[in-house]
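For the protein sequence lines, the chains are A and B, in the order given.
In terms of our numbering, the first sequence opens at residue 1 and continues consecutively.
In terms of our numbering, the second sequence opens at residue 1001 and continues consecutively.
We put the beta carbon where it would ideally sit given N, CA and C, even for glycine.
The block underneath contains the structure these notes are about, expressed in structure tokens.
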Amino acid sequence: MSAPAPAPRGTALGPRIAHAWLPVLVSLAGFLGAWQAIVLAGDYPPFILPGPASVVARFVRAWADGTIAPHLATTLVEILLGFAVGGVVALLVGVLLARSRLAERLLSPYLVAAQATPVLALAPLIALWFGSGLLSKVIICALIVFFPVAVATMVGVRSVDPRLVEMARSFRATRWQLISKLEVPAALPAILGGMRVGVTLAVIGAIVGEWAGAERGLGVLINLARGSLFDIPLMFAALLTIALLGIVLYLVIVLIERRLVGVR
Amino acid sequence: MPTPRLPAPGSRPREIAALLVTVGLLAACTSGASAPPASSDLNVGPTIIPSGPPVATPSASPLKLVVGLGYIPSVQFAQFYLADRAGYYRDAGLEVELQNKIDPDLVTLLGQGAIDIGSADGTSVIPAVSQGIPIVYAATIYGTNPSIVFAKASSGIRTAADLKGRKVGIPGKYGSSWIMLQALLASVGLTPDDVELVLYPDFGQGVAVQEGAVDAATGFANNEPVQLELSGERAVVLHVDETTPLPGPGLVTGRQTLAAKADALRAFVAATLRAMDEIAADPQRGLDASVAAVPDLGQDPARQLAILKATIETWKNARTGAPFGAIDRTGWQASLEFMTSLGLVPNPVTVDQLVTEELLPR
């Protein structure tokens, strides 16, 4: 008869998971509890503020009967395309701004002005110019993603140790090699930090774009639930879906970041 | 899967503080703008005395009523302006505050009691009541549903059947115009899939018809077709009333408000209907009152008078010939059945739950 297997060294998996998730669960329970308490204390009817139980029930029903899925798919495509376009352009412009003071002086006022202009005011105009299809949503998402990623890239590239740049130059690195082998990799933590912000803003951009005119999307579902169906729990279910979508996309960037630059 | 990491994770006390702030904000948002009024809030002014007369006399302090018109100031609200300017509300012991603004949440605010009475669409009342919002439709303003499909006469469109395969401009797949379009198409065995829908979320479909970008569009009988005709182009208007008499905009109030202020609301409805009768007999009076209330309307009086005359036509119920305000229960029943078939009535409701004649003059 063999001896029983020794217990694994270090902390066991169960307590580790509990340690990681317990604060999240406690925080979630606190949030739901406070929400329910407000509903009870104010005696709010569901058309003013539905309780968490009715929102969760409506969320499950809307997923089961296929109400949410097509809207989510539309919004997700808008976000991903807008984030990709805005992110790539911002990366290029960010490097340009970091390397050229002249470019910074010329472009910065426009970039800051574009960022300061509420996208809510721009969205109807963009829908008017580019139609109420996918293109206008992608443009709105790209616009909103652009600024944080461009600024993060500029700051990241500028913060590269000048001695490393000097050393690369001494090895006769070309300009492209300097950017691709040194500056961008070194700036990656800052760039990914900008992308974390950008991807959550892209979610807002897609919803605002849909409010300016669309046939489908989570923004459309919110308007339908609120203004036509008067189904406020469904509106909250759509909001919950948007929140979860934002969290998932944020986590994806975090995972990419961990993969590329490690835990920060 | 890792938990979401914020750029600067806070310590536990900071997390708790953040949670408290969130809860506080939620409470502030809900209690400020959306809290249902306490019963005392409904009795604004000192004239509500349980054992006293139902309506204040002109000498008593007037009873305040907040009226939501749900749209920008327009000659289409001439009856409210006339009743206000001519003192009909004041004579009934009322101090009326007309809230002339676009308000997408008007139905919810009526159910909540934040607005006492307002002009809301009948097709909104059906899903709202079905979802448990305690409102009731109390007087018909538009006896003929003003939501229509219109086209240039030169388009060759004469009936709903002619829309098959045509480009039709719509603001979106929601609201009364979308329901009307589905009802109109269904009346000739068509569905929205049988037409080519073009979205105009900025409500630019009127211009699109004028410029020929679409063959027809949804609109309002007292707006786009009038503008089209004023531009020298003859318009064709397709009404849905003959097949599915969808309830048009009317005076809607909350059940709670109705219980607390029935007499004041009755006086308000009577004064408004009186103004409608007078404007129908003499549209110029309505225009004058509108210009006095909204001076900008005086810039093009001929256009405004044309819009007002078209509006008066939609106040009338050509099908029943009933007086202004009367509620067409048969039409409501037909609409309820149609909207149920569209899946817009998740919980069954009856016409009795949707309308009341309690506020109409006896």
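- When 9 Å is used as the limit between beta carbons, GLU215/A is near these residues of chain B: GLY1172, LYS1173, LEU1197, LEU1199, in chain order.
- A Cβ of chain B is located within less than 7 Å of the beta carbon of PHE230/A.
- For ILE191/A, no beta strand (DSSP E) run applies; the uninterrupted alpha helix (DSSP H) run containing it begins and ends at 184 to 211, by DSSP.
- Linking ALA1289/B to TRP63/A through their CA atoms gives a straight-line distance of about 52 Å.
- For VAL1236/B, the enclosing beta strand (DSSP E) covers residues 1235 to 1238.
- Around the beta carbon of PRO1134/B, a 10 Å sphere encloses 16 or more other beta carbons of the protein chains shown; the residue is thus reported as buried.
- Here the region 1078 to 1086 of chain B lies against the region 1275 to 1293 of chain B, with 3 or more beta-carbon pairs under 8 Å apart.
- In the DSSP annotation of this structure, the continuous segment of the alpha helix (DSSP H) that includes GLY1206/B starts and ends at 1205 to 1210.
- Put simply, the CB of ALA1128/B is near chain A, with a gap under 7 Å to one of its CB atoms.
- THR1350/B and THR1253/B have their C-alpha atoms some 17 Å from each other.
- Look at the region 106 to 139 of chain A: the residues with a C-beta under 8 Å from a C-beta of chain B are PRO124, ALA127, LEU128, SER132.
- Scanning ILE1126/B, VAL1067/B, GLY1093/B, PRO1062/B for the CA closest to the CA of GLU1337/B turns up ILE1126/B.
- Per DSSP, TYR1089/B is not a residue of any beta strand (DSSP E); the alpha helix (DSSP H) it occupies stretches across 1088 to 1091.
- Between VAL1188/B and VAL1168/B, the C-beta gap is not smaller than 7 Å, which leaves the two residues out of contact.
- Counting C-beta pairs with one atom in each stretch, the region 80 to 95 of chain A and the region 185 to 201 of chain A have three or more that are closer than 8 Å, which means they touch.
- Using beta-carbon distances, GLY227/A counts as an interface residue toward chain B, with a partner under 7 Å.
- When 9 Å is used as the limit between beta carbons, LEU1344/B is near these residues of chain A: SER228, LEU229, in chain order.
- For LEU1190/B, same chain residues with a beta-carbon under 8 Å away, outside a window of 5 residues either side, are ALA1160, ALA1161, LEU1163, LYS1164 in chain order.
- Sequence-ordered contacts of the region 30 to 51 of chain A with chain B read GLY30, PHE31, ALA34, TRP35, ILE38, GLY42, ASP43, TYR44, PRO45, PRO46, PHE47, ILE48, LEU49 [C-beta pairs closer than 8 Å].
- The beta carbons of GLY217/A and THR74/A sit about 4 Å from each other, so the pair counts as a contact at 8 Å.
- Annotation for GLY1118/B: VAL1067, GLY1068, LEU1069, GLY1070, LEU1106, LEU1110, VAL1252 place their beta carbon closer than 7 Å to its own, counting only its chain and skipping 5 residues before and after.
- Listed as beta-bridge partners of ALA1120/B by DSSP are GLY1250/B.
- For LEU224/A, the nearest beta carbon of chain B is closer than 7 Å to its own beta carbon.
- At least one C-beta of chain A is nearer than 7 Å to the C-beta of ILE1133/B.
- Rounded to whole angstroms, the Cβ separation of THR1123/B and ALA1318/B is 19 Å, and the two are not in contact under 8 Å.
- Neighbours of ALA212/A in chain B, taken as residues at a C-beta separation under 7 Å, are given in chain order as PRO1201.
- VAL1149/B is positioned such that its CB atom lies closer than 7 Å to that of ALA1216/B.
- Residue-level contact by beta carbon fails for PRO1192/B and chain A, as no gap is shorter than 7 Å.
- For the set VAL1075/B, LEU1063/B, LYS1064/B, the Cα lying nearest the Cα of GLN1304/B is the one of VAL1075/B.
- Per DSSP, the unbroken alpha helix (DSSP H) holding LYS1309/B starts and ends at 1301 to 1315.
- Contact annotation, GLY1331/B with PRO1249/B: C-beta distance approximately 14 Å; criterion of less than 8 Å not satisfied.
- Secondary structure within the region 7 to 49 of chain A: the alpha helix (DSSP H) runs of 4 or more consecutive residues, fully enclosed, are 13 to 42 (chain order).
- Considering only beta carbons, no part of the region 1273 to 1291 of chain B lies closer than 9 Å to chain A.
- A Cβ-Cβ separation of about 16 Å leaves GLY1321/B out of contact with LEU1360/B under the 8 Å criterion.
- Of the candidates PHE147/A, MET154/A, GLY156/A, ILE179/A, the residue whose Cα lies closest to the Cα of GLU166/A is ILE179/A.
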